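Protein chains in written order, with the working numbering: chain A, 4 to 578; chain B, 62 to 744; chain C, 179 to 366. Even for Gly, the Cβ is constructed at its ideal location relative to N, Cα and C. On a predicted model such as this, the values are computed, not experimentally measured, just so you know.
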């Protein structure tokens with residue numbers, strides 16, 4: 004760990020915190036249908052989209068209608084992507100490498116993956132997906148799945164804010180406005196910055212290069228920047244290339260690396276400000292952001308420390324940090340990022356359910372790898388996915404308020420809304436589904452040598468970690484991997500596909516039900532007897548609940564995976 | 062009745078021990094999902110223990126593991142039994158209270174009016190609502206009812222613990238009588254209002270025994286949370302076995318069940334119903350009878366308290382302290398008229414006027430039979446009372462009422478008198494104007510006396526976020542002064558029953574929960590509308606039916622205690638839930654390394670408590686988990702310490718005690734048990 | 179219910195046209211106006227032929243050239259199959275490979291401790307950079323093979339060392355392909 008490393012962390016944090024407030028307030032205006040400075044340009048487009056799609060923009064929806072619209076849209080767009088994948092060989096348009104149609108299980112897995120904002124990639128994009136599929140299938144979902152996340156988050160905020168109301172907004176309007184006023188303009192600017200720094204954006208066939216040593220190198224390219232921008236901003240994480248953001252074409256310089264990291268966190272961070280603004284309790288927004296930031300900082304510190312450690316069984320190499328070399332665990336890491344930027348990126352991408360990687364998590368130290376996995380296991384609420392992070396953390400807020408709220412001697416209430424049996428039921432459903440699917444599927448695959456274990460790239464405790472990471476990442480809609488696992492098999496593709504869909508939609512439905520239930524309640528005005536949700540104490544409470552819920556659920560599994568691996572490695576045992 | 066009982070009363074403990082075994086019936090256990098899971102685990106380990114013993118006999122290696130497995134199984138059973146014991150203890154304490162009540166009830170013979178008007182003797186259990194009975198001095202009243210004729214002094218000590226007899230009379234707000242109380246003087250005719258088994262006494266007995274207990278809304282929500290956590294941990298433990306198999310370190314069922322039982326929230330799961338029963342019990346100890354647990358919870362949520370001025374905020378009897386005659390009227394004439402008009406006025410105020418006139422002006426009560434007085438009683442509509450003598454109508458009442466009275470006779474209130482009225486009102490007194498025919502004679506100064514210590518209590522309520530509103534029939538000026546003196550947040554002056562109702566609805570529309578007390582029939586709608594309506598036992602049957610609590614002592618100030626008991630109940634649940642979940646951290650550090658240390662000695666790095674052996678570690682955690690339930694029974698029954706403080710401070714304090722404490726205590730406890738086990742050579 | 183499906187289908191088509199086609203195609207056009215070199219992959223031409231991309235590592239094995247980090251992309255430096263080794267720290271294969279490489283390098287360099295980046299595969303397998311330490315470590319070998327003074331080589335490395343962006347971001351590094359190109363220029 005170096006002073007420069009901490010400075011880079013500080014710079015990232017300061018820029019991030021400077022950005023969240025203006026963006027959060029802007030988001031609040033966009034989502035409440037207010038006027039923005041982009042209105043003159045975009046308002047006609049917005050109306051056109053409603054007209055062409057047959058959306059009645061002024062029609063409010065109850066939570067069931069909202070959920071049906073969301074599920075209907077997700078199902079249709081999933082099928083379209085599946086069709087594109089299967090038919091890309093036949094279409095041949097924007098397919099200069101003449102890549103064939105994608106096989107069924109993989110196409111299913113990928114369609115589910117991108118629809119759910121997971122962007123788990125069982126395939127090598129360079130040799131599997133045509134430009135058309137990448138653009139109109141995958142990058143497309145990067146936009147819409149992020150918009151769906153924002154929509155659910157704002158629906159929940161409305162539930163908290165509205166009183167005695169039967170409706171929580173209009174899904175089509177929320178999704179359209181998120182895309183048009185936030186994601187799309189930001190992506191155009193971000194993509195141009197990326198191109199300036201060296202990210203390709205073309206539709207050419209792959210380039211044949213004759214290297215200096217007279218070998219041939221085929222250089223895969225394509226419309227990278229346009230996808231890279233939304234991949235980060237939408238916390239999607241699906242790389243244009245197999246190596247994802249470690250690939251120099253996706254993330255060529257330390258500057259692009261900083262921008263990409265900021266892009267991952269900025270919308271999830273800003274949404275806490277939006278929460279504070281729309282509920283009229285800015286302090287609460289900051290308290291939630293503070294909890295997220297503390298968990299983020301603790302995660303980074305642990306990973307950074309762990310990755311800076313020398314490998315205990317390797318001798319004769321300079322593993323200590325020098326003025327001109329980062330030292331530490333450089334397996335799977337890029338020189339331009341070193342230990343600092345790799346650790347920071349890994350923390351951010353797993354805190355947020357992004358899943359892009361600029362270093363290979365599978366080769367992280369056992370403890371570093373444990374923390375990236377734990378970040379996901381906490382429920383993707385440390386900033387979390389776009390929208391998903393906010394509604395996820397609000398579920399934990401509801402649980403915290405319920406447990407501790409009783410201790411102030413009142414029926415627990417959250418921002419004036421009583422938390423009653425139905426609300427607790429929905430919150431627990433959300434909390435329950437997550438470990439349920441992860442642990443059950445991991446256990447099933449771990450027990451099966453042919454289906455589960457044969458895909459392993461590493462033996463011993465790390466093998467368990469690889470499978471555990473895969474299902475954690477899928478259900479958490481993260482998409483990063485301990486990528487040594489050869490998950491492109493029928494069983495893994497199908498199971499992970501279902502895991503991703505469950506981790507997304509089985510969790511969104513209770514959130515919307517909660518939103519609907521809260522919306523129709525009366526609001527109790529605050530008083531000194533009200534449970535305070537805008538204090539440092541609340542931040543501490545929220546952190547404790549997130550940590551305890553996550554840790555208690557996964558501690559046994561982690562103790563046989565990364566913890567055991569760490570202890571055995573330092574006792575000199577390899578696998 | 063409001064006596065403090067020894068918590069570990071040996072009789073109650075003995076009965077509870079027996080009951081805790083009876084409660085093992087799985088049909089009963091299934092109502093508590095957390096403990097049901099433990100019981101299933103117990104059955105599983107017991108069955109395995111028996112089959113293992115049959116198959117392996119006494120092989121040396123087996124003998125060692127048999128000892129361990131046996132201890133685990135026993136302690137798991139103890140866990141269930143301890144939880145049952147907690148519940149049985151709470152019920153037992155309630156039953157003890159119920160027995161006292163039952164003694165009061167007994168079977169009595171009532172004299173019932175038959176259809177033809179004659180009296181017949183029937184046992185109390187045959188009385189039905191609508192029957193009319195006749196009770197004379199020395200007899201018990203056979204059932205709840207309403208006095209329809211007569212006045213009597215009644216000993217209600219069996220219900221209230223208050224030895225001074227109370228007056229019960231037909232009509233008005235003191236007409237309700239309770240079964241089991243005894244008429245001391247005179248006679249009354251009582252119309253029975255409830256069927257056998259439905260009297261207050263019956264309901265009270267059922268409630269304190271926990272027989273009719275239904276889960277309250279917060280309890281249901283909490284049960285959902287606990288069930289959710291149980292499912293999560295069940296999953297974490299069940300899936301641990303595949304991971305253990307992968308790691309070539311499979312576990313025995315005994316160890317897995319131990320881990321499961323330690324992780325699921327057995328502490329709160331085991332004590333949850335005891336907390337609820339004990340909360341109800343505490344209310345009864347305060348002589349308050351709640352119609353449902355829901356009402357007790359609602360009391361904790363109250364954000365607005367409506368307090369009647371008279372009896373709640375002030376001592377209830379305003380004292381006449383001075384006469385201020387109108388210009389050209391002598392003090393004596395005023396005093397004389399004031400006394401005349403108050404002779405039939407049995408209110409404390411009326412009596413104090415008579416007394417003042419007597420003491421200051423030597424006017425003695427006189428024989429009025431010669432002058433044929435007609436007394437005009439006070440009504441809420443006229444708001445004045447007085448006496449009609451031949452040729453003279455003497456009235457006393459509020460300034461508005463007397464003004465109206467004078468105007469009706471073409472006269473008006475002199476300016477001087479009006480000024481005097483305002484001056485008294487500004488000083489917080491109640492002015493009563495006296496008039497004879499068209500002449501205003503002057504003003505009587507009635508002084509209100511605010512109850513001692515009330516200001517502090519109201520300040521504490523404010524700190525808890527509860528707004529107090531004083532309800533009074535006084536004019537706004539008077540009300541403002543008393544309100545300031547008593548420290549209430551707001552007041553409703555010149556309140557008529559309808560105003561009270563409107564105020565409640567207004568507050569509720571703002572999302573607030575309102576509590577109030579009431580006794581009169583005209584309070585009934587408001588009592589029903591309020592979220593917590595406490596009827597005075599001395600009040601009318603209608604009021605008692607409308608409210609959701611009855612205060613047997615008829616002490617309206619008790620509303621504050623009721624709120625505190627409600628809060629304490631919720632806090633106790635929250636505190637033990639937090640404690641229970643926080644406990645899991647230490648249990649993991651005890652059990653996980655113990656499970657795998659055999660195959661992977663390196664995992665002993667996680668054994669931060671340095672527990673002696675894997676067996677002692679697991680056993681210590683299981684024992685701690687069982688024993689903590691018993692250790693916390695007193696807390697569950699008494700409730701956590703409650704101080705009125707702002708929510709933020711309460712939260713900080715309780716998080717520190719039950720959150721942080723919940724993390725630390727088991728580390729110490731498990732280590733201590735481990736040391737003990739080693740010392741006793743049990744592991 | 180019926181209208182939900184209809185709206186879903188129409189909305190999907192409209193947004194696909196906007197986000198899946200219009201956006202990337204328009205961006206491609208703009209990119210080629212503003213940043214044509216970068217948009218086409220930062221390709222380096224020599225004698226009119228593409229010899230590689232400035233951003234991607236390619237294989238160098240001869241002593242005359244600086245060697246990039248080992249690559250796990252495909253069979254090594256495969257720019258259509260980027261990726262890392264994904265070997266765990268506890269994997270014997272990883273430790274054996276790294277230790278073997280260290281021993282080889284150390285032996286050729288008089289037992290000098292090896293900069294760790296020179297024996298670890300990168301995340302992409304296409305890492306174009308090595309640390310300055312790793313470049314200087316190879317200076318003697320390259321100098322000997324090219325019959326140049328080590329000092330000349332060191333100067334060239336220094337000239338090719340990219341410092342942290344703004345003195346803060348990332349790590350100091352040397353682009354191997356660009357260094358080797360200039361090396362060829364030096365000896366011509």
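Residues that residue i bridges to, as DSSP identifies them
{"i": "residue 172/A", "result": "64/A"}
{"i": "residue 250/B", "result": "195/B and 210/B"}
{"i": "residue 353/C", "result": "307/C"}
{"i": "residue 493/B", "result": "505/B"}
{"i": "residue 445/B", "result": "458/B"}
{"i": "residue 552/B", "result": "531/B"}
{"i": "residue 221/A", "result": "211/A"}
{"i": "residue 173/B", "result": "181/B and 194/B"}
{"i": "residue 216/A", "result": "None, per the DSSP bridge assignment."}
Close beta carbons around residue i, own chain, < 6 Å, minus the five adjacent residues each side
{"i": "residue 100/B", "result": "90 and 141"}
{"i": "residue 313/A", "result": "322"}
{"i": "residue 719/B", "result": "636, 639 and 640"}
{"i": "residue 252/B", "result": "193, 206, 207 and 209"}
{"i": "residue 507/A", "result": "119 and 480"}
Backbone CA spacing between residue i and residue j [nearest angstrom]
{"i": "residue 450/A", "j": "residue 361/A", "result": "32 Å"}
{"i": "residue 406/B", "j": "residue 594/B", "result": "30 Å"}
{"i": "residue 303/A", "j": "residue 354/B", "result": "48 Å"}
{"i": "residue 366/A", "j": "residue 709/B", "result": "46 Å"}
{"i": "residue 139/C", "j": "residue 306/A", "result": "Because chain C here runs from 179 to 366, residue 139/C falls outside it and cannot be looked at."}
{"i": "residue 55/A", "j": "residue 113/A", "result": "28 Å"}
{"i": "residue 494/A", "j": "residue 328/B", "result": "42 Å"}
{"i": "residue 602/B", "j": "residue 580/B", "result": "9 Å"}
Start and end residues, alpha helix (DSSP H) containing residue i
{"i": "residue 333/C", "result": "328–338"}
{"i": "residue 22/A", "result": "6–34"}
{"i": "residue 231/C", "result": "Taken as a continuous stretch (DSSP letters only), residue 231/C belongs to no alpha helix (DSSP H), being part of the beta strand (DSSP E) at 227–231."}
Other residues of its chain near residue i: CB distance less than 8 Å, five sequence neighbours each side excluded
{"i": "residue 212/A", "result": "219, 220, 221 and 222"}
{"i": "residue 101/A", "result": "92 and 95"}
{"i": "residue 375/B", "result": "509, 510, 511, 512, 543 and 547"}
Close Cβ partners of residue i (< 7 Å) along its chain, the five nearest in sequence each way excluded
{"i": "residue 64/B", "result": "In this prediction, residue 64/B has a pLDDT of 43, which is less than 50 and means its spatial position is unreliable; nothing more can be read from the coordinates."}
{"i": "residue 27/B", "result": "Summary: the structure shown does not reach residue 27/B, with chain B confined to residues 62 through 744, and so no result is reported for it."}
Along the segment 115–132 of chain A, what residues have a CB closer than 8 Å to any CB found in chain C?
127, 129 and 130
query = Given a limit of 9 Å on CB to CB distance, which residues of the segment 302–329 of chain B reach chain A?
reply = 302, 303, 304, 305, 306, 307, 308, 310, 320 and 324
* Check each residue of the segment 204–230 of chain A: if its Cβ is closer than 8 Å to any Cβ of chain C, include it; give the result in chain order. => Within the segment 204–230 of chain A, those residues whose Cβ lies closer than 8 Å to any Cβ of chain C are, in chain order, 204, 205, 206, 207, 209, 210, 211, 212, 213, 214, 215, 216, 218, 220, 221, 222, 223, 224, 226, 228, 229 and 230.
By the 9 Å beta-carbon criterion, what residues does the segment 446–474 of chain A contribute toward chain C? 460, 461, 462, 463, 464, 465, 466, 468 and 469
Name, going along the chain, the residues of the segment 276–297 of chain B whose beta-carbon falls closer than 7 Å to a beta-carbon of chain A. 278, 279, 281, 282, 285, 286, 289, 292, 293, 296 and 297
Closer than 9 Å, Cβ to Cβ, to anything on chain A: give me those residues from the segment 633–649 of chain B, in chain order. 633, 634, 635, 636, 638, 639, 642, 643, 645, 646 and 649
Would you list, in chain order, the members of the segment 348–361 of chain C that have their beta-carbon closer than 9 Å to a beta-carbon of chain A?
348, 349, 350, 351, 352, 355, 358 and 359
- prompt: Taking Cβ-Cβ distances below 7 Å as the criterion, which residues of the segment 526–538 of chain A are in contact with chain B?
  reply: 526, 527, 528, 530, 531, 532, 533, 534, 535 and 538
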